[in-house]
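Chemist: Residue numbers (my numbering): 1249 to 1430.
1. State buried or exposed for residue 1427, treating a residue as buried only when at least 16 other CB atoms are found within 10 Å of its CB.
2. According to DSSP, is residue 1409 helix, strand or coil?
3. Pair every Cβ in the region 1358-1377 with every Cβ in the region 1388-1405, then say whether three or more of these pairs are closer than 8 Å.
4. Is the region 1287-1299 touching the region 1363-1372 in the sense that three or more CB pairs, one from each, lie closer than 8 Å?
5. Taking the C-alpha atoms as reference points, what is the distance between residue 1281 and residue 1401?
6. Within its chain, find whatever has a CB closer than 8 Å to the CB of residue 1350; leave out the 5 residues flanking it on each side and keep chain order.
7. DSSP three-state call for residue 1323: helix, strand or coil?
8. State the DSSP-derived secondary structure class of residue 1417, mapped to helix, strand or coil.
9. Output needed for residue 1352: all residues of its chain with C-beta closer than 7 Å, excluding positions within five of it in sequence on either side, in chain order.
10. What's the C-alpha gap between residue 1387 and residue 1294?
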């Protein structure tokens, strides 16, 4: 679990550093308050995707993980309850933000942000959400294919592997394009 959290941080910082250098050299942004707000927005957007797991356990009361989390949290074991939530993350199967449909919504939101939003915090926020989602999607694609299938829980049919692969690649390309514009 800790390795995955470290990889999340490396991915976010790496993307932000690369895009910051790109924006500085191409004149897309100068180093100053705007860049700081852009970074803060990206960090918050990245972290907010973790909240999906918290919402899941709070709303899905009938699941064992939800009961375990609720018991620990009500006894004041806040840190232990969050650790349990992250360590048993594979038990959470129908996360709203970790779905193919949500990534499509993110693409639309990112297109809107890239073309119509001037606020660097908001643009960074959208970038942070997308960075986290694409990191998780590609991680599941290259690692645990069973987890990749969970991204399509809202689709009412079993998707063949080639359709899942096409989706991952199209979303990865869309992310790269949008990341340079946010």
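Backbone N, C-alpha and C define an ideal beta-carbon position, used for all residues, glycine too.
Modeler: Quick answer:
1. buried
2. helix
3. no
4. yes
5. 41 Å
6. 1344 and 1381
7. coil
8. helix
9. none
10. 15 Å
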